[in-house]
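Numbering (the numbering used here), first residue to last: 242 to 666. The C-beta atom is built at its ideal place from N, Cα and C for all residues, glycine as well. Since the structure is predicted, the reported quantities are computational estimates derived from the model, not experimental observations. Beneath this line is the structure, given in structure tokens, with notes to follow.
Set out below in structure tokens:
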């Protein structure tokens with residue numbers, strides 16, 4: 242993708258007279274997927290969206306996005322808080338969730354796992370406590386970890402390790418922990434060094450409190466603030482059944498906590514990478530299954546190619562026939578490059594649409610600096626044209642207008658909120 246000299250936002254304001262000045266609030270943007278912007282609830286998007294716009298190559302898209310700099314901005318269901326607002330706040334904490342809500346996410350995620358007394362809590366992985374909390378700094382709890390801290394041995398090329406699971410501790414013990422930014426130092430020789438591993442493109446400025454949440458507490462917060470909810474049933478790291486707690490019990494208990502809280506199924510998008518979980522909800526909780534999301538992680542299978550339908554099993558048509566309504570793959574599986582190095586929908590995206598499946602994409606703002614390495618894993622199918630931060634919006638625009646996704650998970654929801662409002666979605 243050829244880059245031109247950057248046009249300043251001030252110059253773009255002058256150019257904006259050449260384009261429709263109502264674009265920020267129009268409800269008929271061409272080919273843009275339909276979603277809801279709730280104009281009763283304001284959003285605070287901060288400086289990052291305009292920073293990204295300023296980095297874009299000169300284009301009609303850049304001009305259109307720039308003219309929306311003054312807002313106003315509102316909550317949008319197109320903007321989904323991935324683990325909250327985890328680019329700057331400790332993931333799955335009250336603070337991260339509130340930041341996502343404030344920045345206009347219409348849907349917020351709690352990844353659901355369980356403690357040793359089978360209480361449901363919000364963590365990305367059952368065994369990520371060593372990298373996402375302060376558990377190693379509490380000796381009484383660190384001693385309960387599945388794999389206690391072992392320092393690095395540089396002489397023998399051994400990295401530091403520790404594995405601490407929610408299933409190692411009780412709910413009461415879990416609630417004594419504090420969340421931290423996800424990361425660790427593999428070269429650490431002390432616990433303090435191990436815990437000091439935040440990636441340099443994130444920040445610890447908002448990591449001083451890190452209030453951990455149970456699943457029920459997340460429901461209460463989301464309900465009180467009026468956002469929709471997308472819980473992900475995480476794969477268990479322990480053998481199931483766990484002390485008599487089966488996979489089906491686990492899948493049902495997650496939904497039961499919404500029913501107990503008086504949350505209508507229309508406000509919930511339950512997710513799982515395990516297709517059998519989704520099929521369980523289809524068979525046993527049809528009201529929740531209407532918005533159940535099959536998280537597609539089949540790229541980890543040998544030979545998988547999003548450009549070759551023969552490598553996908555089951556097929557898109559089979560998924561739809563089995564009752565799956567929404568499919569959610571990583572960003573890179575939905576796009577590819579044509580002969581002109583233009584970002585276009587992948588065969589995977591085209592097949593999902595043809596089968597009548599709705600699509601959600603994950604996860605934006607999780608790749609660090611795009612100018613340093615083409616965006617990494619999340620941008621791998623279009624890495625040849627990714628070379629600056631503004632390319633974030635180039636991708637979002639294709640996902641919205643050409644792929645037709647109904648929502649985008651983002652570690653910084655304000656970025657997607659800005660786009661959704663500006664495009665009048």
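Shown here, residue 295 sits in a helix according to DSSP, grouped into three states. In this chain, the beta strand (DSSP E) harbouring residue 473 covers 469 to 474.
Just so you know, the alpha carbons of residue 383 and residue 369 end up roughly 13 Å apart. When only Cα atoms are considered, residue 471 and residue 615 end up about 29 Å apart. Excluding the 5 residues flanking it on each side, residue 410 has same chain C-beta neighbours closer than 7 Å at 356, 357, 382 and 385, in chain order. Rounded to whole angstroms, the gap between the alpha carbons of residue 585 and residue 296 is 21 Å. Scanning its chain for C-beta atoms nearer than 8 Å, with the 5 sequence neighbours on each side dropped, one finds around residue 622 the residues 547, 573, 574, 576, 577, 578 and 587, in chain order. Our two residues, residue 473 and residue 306, have alpha carbons roughly 32 Å apart in a direct line. DSSP places residue 567 in the strand class (E or B) of the three-state scheme. Between residue 519 and the set 565, 308 and 289, the nearest pair of CA atoms involves 565.
Per DSSP, residue 517 lies in no beta strand (DSSP E); the unbroken alpha helix (DSSP H) holding it starts and ends at 516 to 525.
In this structure, 626 is the residue among 604, 626 and 603 with its C-alpha nearest to the C-alpha of residue 612. Classified as buried, residue 302 has 16 or more neighbouring CB atoms from the shown chains inside 10 Å of its CB.
Between residue 349 and residue 397, the alpha-carbon positions lie close to 44 Å from each other. Apart from sequence neighbours up to five positions away, no residue of its chain approaches residue 543 with a beta-carbon distance below 8 Å. For residue 314, the CB contacts under 8 Å within the same chain, skipping 5 residues up- and downstream, are 283, 284, 285, 286, 345, 658, 659 and 662 in chain order. With contact defined as three or more Cβ pairs closer than 8 Å, the stretch 334 to 345 and the stretch 491 to 510 are not in contact.
Every alpha helix (DSSP H) of 4 residues or more that sits fully in the stretch 366 to 416 is shown, in chain order, as 370 to 373, 380 to 383 and 412 to 415. Separation of residue 559 and residue 620 (C-alpha to C-alpha, rounded to the nearest whole angstrom) is 28 Å. Rounded to the nearest whole angstrom, the C-alpha separation of residue 389 and residue 550 is 44 Å. By the Cβ test, the stretch 635 to 644 is in contact with the stretch 590 to 609, since at least three Cβ pairs between them sit closer than 8 Å.
Using a C-beta cut-off of 8 Å, the stretch 475 to 494 makes no contact with the stretch 440 to 450, since fewer than three inter-stretch Cβ pairs fall below that distance. A distance below 7 Å between beta-carbons, with the five flanking residues on each side excluded, links residue 656 to the following residues of its chain, in chain order: 289, 290, 293, 605, 606 and 633.
Judged by their CB atoms, residue 352 and residue 317 are not nearer to each other than the 9 Å cut-off. Residue 516 places its beta carbon 9 Å or farther from that of residue 569. In the three-state reduction of the DSSP assignment, residue 617 falls in the helix class.
Sixteen is the threshold: when 16 or more other Cβ atoms of the shown chains lie within 10 Å of the Cβ of residue 636, as they do, the residue is buried. DSSP links residue 315 through a beta bridge to 283.
Distance from the CA atom of residue 387 to the CA atom of residue 582, rounded to whole angstroms, is 48 Å.
Distances from the alpha-carbon of residue 432 to those of 466, 601 and 380 put 380 closest. Within the stretch 567 to 636, the complete beta strand (DSSP E) segments at least 3 residues long are 567 to 569, 576 to 578, 584 to 586 and 599 to 605, listed from N- to C-terminus. Bridge partners of residue 353 according to DSSP: 363 and 474.
With a beta-carbon spacing of about 5 Å, residue 425 and residue 372 fall inside the 8 Å limit used to define contacts. Exposed is the label assigned to residue 399, since fewer than 16 other Cβ atoms lie within 10 Å of its Cβ.
Sequence-distant partners of residue 529 (beyond 5 residues in either direction) whose C-beta falls short of 7 Å from its own C-beta, in its chain, are 496, 506, 509, 511 and 522.
The beta strand (DSSP E) runs lying completely inside the stretch 417 to 491 and spanning 3 residues or more are 469 to 474, given in chain order.
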